[in-house]
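Position one of the sequence shown corresponds to residue 94 (our numbering), numbered consecutively onward.
Everything on this sheet refers to the single structure shown next.
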Amino acid sequence: MTEMISAKERITQLRLEIERHNHLYYIEAKPELSDFDFDRLLQQLIALERQFPELLTPDSPSQRVGGAITKAFSPVQHRDPMLSLSNTYSTLEVEEFYNRVKKLLLLEGVDEQEMVAELKFDGVAISLLYRDGLLVRGATRGDGRQGDDITANLRTIPTIPLRLNTLAESCEREVEVRGEVFMRKGDFELLNESRPEEDRFANPRNATAGSLKLQDSAEVARRKMCFVAYYLKGLQDESTAHLRRLELLSQLGFFTGDHYRLCQALPQINDYIARWSEERWQLPYETDGVVLKLNDVHFREKLGATAKSPRWAIAYKYPAQQAGTVLHNVIFQVGRLGTITPVAELEPVLLAGSTVSRSTLHNFDEIERLGLMLHDRVIIEKSGEVIPKVVRTISEERPPDAEPILPPSHCPSCGTPLVRPENEVSYSCPNEEECPAQIKGRVLHFASRNAMDIQTLGDSLVEQLVAKDLVKGPADLYFLEEQQLVNLERMGPKSAHNILQALDKSRAKSYEQLLYALGIRHVGRATARELSQACPSIDTLQQATEEQLATVPDIGPVVARSIIDYFSRGSWPDTLEKLRSAGLPLSASEPKKQVNSNFEGLTVLFTGGLERYDRQKAAELVMERGGRVVGSVSKKTSMVVAGSDAGSKLQKALKLGVRVATEEEFEAML
Ligand code: IVH
């Protein structure tokens, strides 16, 4: 009993602590804990709740980690339609709106007009329903009348209270809160880094919309989204002003955006718009305008709404920032999947705080759509944080030396004639095995931070390795020898040694990371995680059928097809063989077998032919016993197992004084 009381106290303490850190991270943007330490608190809570299930409550932050899989979202009818706002880009129209409202109020005999100005968050509108203080349902806006029930996904968002802080006396039993789910810029960038290039989100709003519709709520929990509330319904006193409602929302535990302001007259509204047109760039999230709302709720009702939007509110949207410049050239880049992307080389120009000299043109259709010619004067635009894009050409100012931009016919890297697969907008280089640009792209992806994280493998090094034919795919990296590296440009023995060490270290990465690193089309980190759970070894994965793969959460037919295609490539068996003999993680880590640990902590190198073992088997035996297998000799190598015809590696081992064992001695150790 006393044990349970102290568990209860600890659970309460942990919950408060966790929600406090959520607040610091998501609302104050001043985290005090690392992700690792935060996770530790959460794991402690989960462990205690498992031990004392009677103490688990639906509002515990442990309920935010997700896990529920939704196959199809059920429809939800909104009690009051979720209207949208009429938009304008002109401050003149804001003035007209203001005067229109003024006139309507005067007709009612009211000559006071308070407006609340709020920032317009660039996210996805949702509705939350609380019953007796507990979150019972969350839904998308849908068409305004009917949305989707996405409660399981919304529960994972740390700034959506699972229980209202204090059910203010002024609240009815049922309360509806509406607002915007959004992703902060930093969290958006991290998410995009974890996705394959071909599947990156264009902006935080798209990332949010995509994430809210995921079937696997555990993945939603990892996406780090936020919620800002701007609507509260269910007050006993229906006449409570909007400003007061925002304060109440904050007391109930919601983030309300901090920056709203009460405006008594038009000049204050204009000031607010002007101030945030600059300051919004400093905010950790994207905003695309300002929303103006009549503060008095009673009069709102009198003004009513059109079919789509209320007459008492308007959204002023900031125009995207633009600049004029000159298109000097268009180059065609080859991605790791062979896709050809045209890139505009521009006269450098300052735009929204940074100098722009390049911009992607996406595909050749885009060049035609814009009617672009070389040397044209063009307008580029930056909206939000998105990378700048060319929006139009000033054809009236076309210079006499303007030249047409011809579609590429051959791959700029390997010269192979390009193809344009049916239904695709991009040209593509079909030479997937040999094209140097594709190989380089694959190797760089393999070495990237979220994949095998081999930081010493930079762009120019990989370029040289591919050009000199030392590497034809990521697996070849593990068979590089120190001398081959030393012979490269800008490479001393020390850097060569560091590279081999970094490669060696990367063997300790997980099977899941390796699956992501392979660079299978459409397989990002999240998909790699799902795959590693559904198929815990590469052998089961490569045998899975398209139908089996399509049953894994969030893997649709396109991704399933792409996985099948990857493993059907002619070069795959050879790649697999190399990955295996390099000792890379080809299955989810299992509990270590009970074998002797004579090799614990040793780095072992095999050279020459072994009689009783093939290389791969020998490597596995060492690894099962806690050792590592390396491809080149250094002073740090613990032992070299020398078979028949051992050559330069044996010589080097002897020279460095590394222990050398025969096959028999190796067997004895086993
Ligand atoms: S009020 C009836 N306030 O903008 C008015 N909306 O174009 C309901 N939005 O659907 C919306 N920030 O998704 C309101 N501070 C804010 C907002 C906001 C972003 C979004 C919301 C809405 C859309 C309207």
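Built from N, CA and C at the ideal position, the CB exists for glycine as well.
The model shown is predicted, which means the values in this text are computed figures rather than measured ones.
Looking at the unbroken beta strand (DSSP E) that takes in residue i, where does it start and where does it end?
i: Val536; result: From DSSP, Val536 is part of no beta strand (DSSP E) but of the alpha helix (DSSP H) over Pro529 to Ala540.
i: Asn422; result: Gln414 to Val427
i: Leu454; result: Counting along the chain, Leu454 falls outside any beta strand (DSSP E), and DSSP gives it neither H nor E.
i: Val484; result: Lys482 to Thr486
i: Pro650; result: No beta strand (DSSP E) contains Pro650, which is instead part of the alpha helix (DSSP H) from Pro650 to Ser661.
i: Asp241; result: Gln239 to Asp241
i: Arg354; result: Arg354 to Cys356
i: Gly272; result: Cys264 to Phe275
i: Arg337; result: Here Arg337 belongs to no beta strand (DSSP E); instead the alpha helix (DSSP H) covers His335 to Leu345.
i: Ile219; result: Val217 to Arg224
i: Phe320; result: Cys319 to Leu328
i: Thr233; result: Leu227 to Thr233
Mapping the DSSP letters down to three states, classify residue i as helix, strand or coil.
i: Lys401; result: coil
i: Ser304; result: helix
i: Tyr571; result: helix
i: Asp389; result: coil
i: Tyr411; result: coil
i: Ile498; result: coil
i: Arg256; result: strand
i: Pro146; result: helix
i: Pro377; result: coil
i: Leu88; result: Look at the range of the chain in this structure, 94 to 763, and you will see that residue 88 is not part of it.
i: Ser360; result: Reading off the sequence shown, one finds Pro at residue 360, where the question assumed Ser. Helix.
i: Leu134; result: helix
i: Ile547; result: coil
i: Gln170; result: strand
Over the uninterrupted alpha helix (DSSP H) stretch that includes residue i, give me the two end residues.
i: Pro586; result: Pro586 to Ser599
i: Met762; result: Glu756 to Met762
i: Glu639; result: Glu639 to Leu642
i: Thr668; result: Trp665 to Ser674
i: Gly279; result: Lys278 to Glu286
i: Met716; result: Arg708 to Glu717
i: Thr620; result: Arg618 to Ala627
In or out: residue i buried (at least 16 other Cβ within 10 Å) or exposed?
i: Met175; result: buried
i: Gly202; result: exposed
i: Ala601; result: exposed
i: Glu758; result: exposed
i: Met732; result: buried
i: His171; result: buried
i: His421; result: exposed
i: Ser153; result: buried
i: Gly464; result: exposed
i: Ile104; result: buried
i: Asp173; result: exposed
i: Lys401; result: exposed
i: Ser167; result: exposed
i: Arg298; result: buried
i: Glu756; result: buried
i: Asp632; result: exposed
i: Ala245; result: buried
Grab me the residues of residue i's own chain with a C-beta within less than 6 Å of its C-beta, minus the 5 sequence neighbours each way, in chain order.
i: Glu639; result: Ala653 and Ile657
i: Met762; result: Asn691
i: Phe572; result: Gly724
i: Ala406; result: Leu178 and Lys386
i: Asn456; result: Val518 and Ser519
i: Arg271; result: Ser220 and Tyr324
i: Val753; result: Val733, Ala735 and Ala746
i: Ala621; result: Glu605, Leu608 and Tyr609
i: Ala322; result: Val270, Gly272, Leu342, Phe347 and Thr349
i: Val187; result: Tyr409
So, at 7 Å on beta carbons, what are the nonlocal neighbours of residue i in its own chain, with the 5 sequence-adjacent residues on each side left out?
i: Pro251; result: Asn115, Tyr119 and Arg157
i: Ala122; result: Pro377
i: Ser625; result: Tyr604, Glu605, Leu608 and Ala681
i: Gln137; result: Leu107
i: Arg429; result: Gln531, Gly534, Arg535, His538 and Gly612
Using a Cβ-Cβ cut-off of 8 Å (strictly less than) and excluding sequence neighbours within five positions of residue i, which residues of its own chain qualify?
i: Ile480; result: Ser452 and Thr453
i: Pro90; result: It is not possible to answer for residue 90, since the shown part of the chain is limited to 94 through 763.
i: Lys686; result: At Lys686, the pLDDT of 47 sits below 50, so the modelled position is not reliable and the matter cannot be decided from this model.
i: Lys101; result: Phe145 and Leu148
i: Gly649; result: Ala643
Does the beta carbon of residue i fall short of 6 Å from some heavy atom of ligand 3?
i: Arg224; result: Annotation note on ligand 3: not contained in the displayed structure, which lists ligand 1 as its ligands.
Counting by C-beta, which residues lie closer than 6 Å to a heavy atom of ligand 1, in chain order? Leu176, Ser177, Leu178, Glu211, Lys213, Phe214, Ala218, Glu273, Tyr323, Val384, Pro403, Ala406 and Ala408
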